[in-house]
Every structure is written in C-alpha cells, then in structure tokens.
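Anchor point for the sequence shown: position 298 equals 298 in full-length UniProt numbering, and the numbering is continuous, going up by one each time.
For each residue, glycine too, the CB sits at the ideal point set by N, CA and C.
Predicted model, so just to flag it, every value in this text is computed and none were measured.
These notes concern the structure reproduced below.
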Amino acid sequence: MESMHEIMIESSMRATGAAGASGATGGGASACWRRVSLVVVLGWSAALTMALAAPAARATALRDLAHVEGVRENQLIGYGLVVGLANTGDGQQIRYTGQSVANLLKQFGLSMPEGIRLRARNAAAVMVSASFPPGYTRGQKIDVTVSSVGDAKSLRGGTLLLTPLRGADGEVYALAQGSVVVPGVSAQGRSGTSVTVNATAAGRVPQGATIERAIDTDFDMRPYVRLSLTRPSFETASNVVKAIGRALGPGLATSRDATSVDVVAPTDPTARVAFMARLDAIDVATGKPRPRVVFNSRTGTVVVSEGVTVSPAAVSHGALKVTIREGAVISQPGPFSSGQTVVAPESDVEIEPASGRMFEWPAGTKLQTIVDTVNAIGAGPDDVMAILQALDQAGALNGELIVI
C-alpha cells in the first residue's frame with residue numbers, strides 16, 4: 001500500500017506542476033487523480049476479496065475429539081419383576097416368572113403349597129440395565145431400561161420392584177425401582193387381531209435407580225492425564241500436542257501413538273479440575289478424515305464420505321434371468337374307458353443370463369458418480385454392493401469399505 005500512496009503523491013505533484021504551467025491542464029490533473037484513486041480502491045477490494053476467500057482452518061474443541069482415559073461410563077445389569085400389568089404379563093409357559101414371584105413372597109413370610117404352579121399374568125420377568133456415568137457418587141439417580149425376557153405382551157402400566165444392579169465384578173452399585181414408561185402402543189380385538197406400534201415389551205424408568213456405591217478411578221492418582229482420541233489419527237494427535245503447547249505451555253503434552261496423548265497435570269485435585277476445564281476448551285485443527293464408504297446390508301443404504309474416488313476400472317455386472325410360466329394341461333381318457341377328464345398343472349421354467357453392460361471410469365472419478373450410474377440402470381442395493389466390493393478387491397477403490 002505504501003507504493004500506492006507514493007503513486008498518488010507523485011501523480012498529484014505532476015498534476016500540480018502541469019497546472020501551474022498551464023491552466024488548460026487542470027482537467028487532466030483531476031482525471032489523473034481519479035485514475036490513481038481507482039487503482040487504490042481496486043487494490044483494497046482485491047485484498048479484501050482474498051481475505052474473505054481464504055478458507056478458515058476447521059477447528060474443534062478438544063472435548064469433542066478425545067476423552068480422558070479412566071473417566072468413562074460403566075454398565076450395570078440386574079434381574080427383576082414388573083408387576084401391576086393388566087393381564088399382559090408372562091404366560092404359564094414361562095415358569096421362572098412364577099418361581100420368581102414365589103421366591104419374592106417367601107421373603108415376606110408367604111409360602112406356596114408344594115406342587116402348585118403360580119400363574120401370574122399380571123407379572124413379567126425383566127432384565128434391567130443402566131449406564132453408570134463417570135464421577136457419579138452415592139445418592140445420585142440414573143435412568144434404567146427395562147426389557148421383558150418372557151412372552152409378556154406389554155409392560156405398560158407396570159411397576160418395577162426393587163432390583164439390585166451389579167457391575168462386571170458382581171458388586172451391587174445401584175438399586176432400581178419405579179413405574180415403567182412404555183412408548184409403544186398395542187391394541188387387540190375380540191377376534192385376536194392386534195396392532196402394535198413400536199415396542200411395548202421394553203420401557204424406561206426415568207431416574208429409577210439410586211447410586212449406592214461409587215466407582216473409583218485413577219484420574220487424580222497419576223501425575224498426568226491420558227487423552228484417547230475418538231478417531232485415531234497421527235495428524236490429529238500431532239495437532240493436539242501443538243494446540244496444548246500454544247495454550248498451556250510447551251512440553252506439557254506428548255503423543256504416544258495415533259490414539260493417545262499424555263498431558264502433565266497438577267496433582268492438587270482442585271487445580272486439576274480447573275486444568276481439565278481449560279484443556280477441554282482448547283480448539284484443535286482436526287486432521288482430514290479417511291474417505292469411507294459405508295453400506296448397510298439390511299436396508300441397502302450406501303453412504304459415501306467426501307474424497308472417495310476410484311482408479312481406472314471397467315466393470316461388467318450381470319445376473320441370471322429366471323422366467324416361470326404356469327399353465328394347465330387337460331388330460332382326457334381314451335375311448336370306451338372308465339377314466340375321467342382331469343386338469344393337470346404344468347410349469348415352464350427358463351434360466352438365461354441377462355445382458356450385462358460394461359462401464360468404464362477414468363482415474364479420479366468420484367464414487368458418487370459411479371453409484372448414480374449404477375442406480376440409473378435400475379440396479380438394486382445388492383448390485384451396488386457387489387460392484388463396490390469388486391472395486392475394493394481390485395484395489396480400485398480409494399477409500400475404506402465398511403459393511404454394517
């Protein structure tokens with residue numbers, strides 16, 4: 001911009017000198033000023049356009065990229081009974097439900113006579129599961145999921161009786177009890193015809209479990225915290241180390257591999273919590289994700305991420321065409337016989353290869369173009385998947401193929 005200012009000053013001096021020499025050149029001086037001013041405006045406009053057009057680096061908070069090792073959820077599970085059902089519980093064939101009810105009554109001093117099977121259609125045997133969030137302590141409440149293990153038709157309107165929830169070590173960490181909330185709806189007529197919307201054999205008990213025992217972690221026992229990346233990447237791990245160095249000081253973070261980053265943390269618990277709060281808020285430039293193709297074999301859904309291309313390849317995909325014709329043949333008995341005229345079915349089955357088309361794609365073709373081409377000829381999801389697998393086996397698919 002200094003050169004532009006020099007142009008303006010030099011041009012103005014020349015214009016002034018020319019005006020002093022001759023008054024007739026005054027119009028030329030003003031024209032020169034307009035031209036130079038236009039150059040300056042265009043220069044500022046070009047600089048502003050370049051600044052706006054420059055792509056900003058994609059940054060993500062560290063809390064969304066990694067989690068602290070040892071600070072995670074733990075799964076709890078237990079076996080219980082749901083009672084108070086409107087004749088929609090387990091049937092007589094589910095014997096363990098009646099046995100569970102009998103054992104429960106025995107705890108209250110009630111015993112059933114020998115040889116009598118308890119039929120309780122208002123009760124259902126269920127499995128109760130819950131996720132123990134990190135950092136929770138005694139007295140806090142968590143949601144639980146209740147799922148029928150018998151042939152109960154619906155858990156709507158039922159109440160979960162007191163159920164101990166155990167961890168993988170067999171210890172009891174929570175107690176669950178409460179009314180079951182079922183999102184599904186089921187209706188049945190007198191003829192037996194029924195309609196069910198969503199699942200009615202499973203539900204939730206909001207805030208239905210109370211923590212009775214905390215789960216110990218080594219979060220505040222080590223002189224460092226280890227961050228585990230959600231999506232391992234050498235580029236992202238390196239960027240995390242650099243971002244922590246800029247924000248908190250060099251030398252605090254070191255990367256072990258594409259997944260783990262160790263960060264030196266204060267030993268004082270209060271200072272460590274404040275340190276982790278600052279650590280979570282650091283913005284990190286994420287690495288470019290690996291191109292992927294995800295295929296759902298059950299629904300036929302194909303998801304193609306950005307950057308998936310193919311190498312030069314030619315694909316011919318054909319199938320067998322099966323034609324079945326059904327007809328009838330009338331068989332008449334011979335003259336002067338006691339036979340009867342009958343109609344016999346006749347089937348004609350033909351199998352012939354369908355005409356397959358050859359497709360050729362140049363290098364760098366986006367996979368979405370291939371999928372669109374295959375769909376345009378009426379190919380189904382199975383055909384698309386067969387072509388994707390063939391391209392992957394041939395080494396022509398520049399991306400990772402994932403089948404779920």
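Status (buried if at least 16 other CB within 10 Å, exposed otherwise) for residue i
{"i": "Gly139", "result": "exposed"}
{"i": "Val172", "result": "exposed"}
{"i": "Ala274", "result": "exposed"}
{"i": "Met221", "result": "exposed"}
{"i": "Thr88", "result": "buried"}
{"i": "Ile244", "result": "buried"}
{"i": "Lys153", "result": "buried"}
{"i": "Ser337", "result": "exposed"}
{"i": "Phe295", "result": "buried"}
{"i": "Ala59", "result": "exposed"}
{"i": "Leu62", "result": "buried"}
{"i": "Ser100", "result": "buried"}
{"i": "Ser168", "result": "Position check: residue 168 holds Ala in this sequence, whereas Ser was assumed. Classification for Ala168: exposed."}
{"i": "Ile404", "result": "exposed"}
{"i": "Ala123", "result": "buried"}
{"i": "Ile215", "result": "buried"}
{"i": "Ala174", "result": "buried"}
Beta-carbon proximity list for residue i, same chain, < 8 Å, skipping 5 on both sides
{"i": "Lys141", "result": "Gln207, Gly208, Ala209, Thr210 and Ile211"}
{"i": "Asp151", "result": "Asp90, Gly91, Gln93 and Ile94"}
For residue i: DSSP bridge partner residues
{"i": "Ala176", "result": "Thr163 and Ala209"}
{"i": "Val225", "result": "Val263"}
{"i": "Lys366", "result": "Thr309"}
{"i": "Thr301", "result": "In DSSP, Thr301 forms no bridge with anything."}
{"i": "Asn398", "result": "Thr309"}
{"i": "Leu76", "result": "Ala130"}
{"i": "Ser331", "result": "Val342"}
{"i": "Gly203", "result": "Val146"}
Neighbourhood of residue i by C-beta distance below 6 Å, restricted to the same chain and skipping five residues each side
{"i": "Val68", "result": "Val225"}
{"i": "Ala307", "result": "Residue identity differs from the one stated: residue 307 is Gly in this sequence, not Ala. Correct list, in chain order: Pro291."}
{"i": "Ala102", "result": "Met112 and Leu118"}
{"i": "Pro381", "result": "Gly300"}
{"i": "Ala202", "result": "Ser147"}
{"i": "Val181", "result": "Gly203 and Arg204"}
{"i": "Tyr136", "result": "Ile211"}
{"i": "Leu305", "result": "For clarity, residue 305 is Ser in the given sequence; the question names Leu instead. Same-chain partners within the cutoff: Pro291 and Arg292."}
{"i": "Ala51", "result": "Residue placement at Ala51 cannot be trusted, given a pLDDT of 36 that sits under 50; the coordinates are not used to answer."}
Own chain residues within Cβ distance below 7 Å of residue i, not counting five before or after
{"i": "Gly334", "result": "none"}
{"i": "Gly27", "result": "Reliability fails at Gly27, whose pLDDT of 47 lies under 50, so the model's placement of it is uncertain and no value is given."}
{"i": "Asn398", "result": "Pro291, Val308, Thr309, Val310 and Ser311"}
Which residue spans inside the stretch 105 to 172 form an unbroken beta strand (DSSP E) run of at least 3?
123 to 132, 141 to 148 and 159 to 166
If you pair each beta-carbon of the stretch 247 to 265 with each one of the stretch 215 to 231, do three or more pairs fall below 8 Å?
With a cut-off of 8 Å on Cβ pairs, the stretch 247 to 265 is in contact with the stretch 215 to 231, counting three or more such pairs.
In chain order, which beta strand (DSSP E) runs of at least 3 residues are fully inside the stretch 249 to 294?
253 to 255, 260 to 264 and 283 to 285
Count the C-beta pairs between the stretch 105 to 113 and the stretch 74 to 90 that are closer than 8 Å, then say yes if the count reaches three, no if not.
No, the stretch 105 to 113 does not touch the stretch 74 to 90.
For the stretch 119 to 131 against the stretch 63 to 72, do three or more pairs of beta-carbon atoms, one drawn from each stretch, fall closer than 8 Å, so that the two count as touching?
Touching, no, given that fewer than three Cβ pairs across the two stretches are closer than 8 Å.
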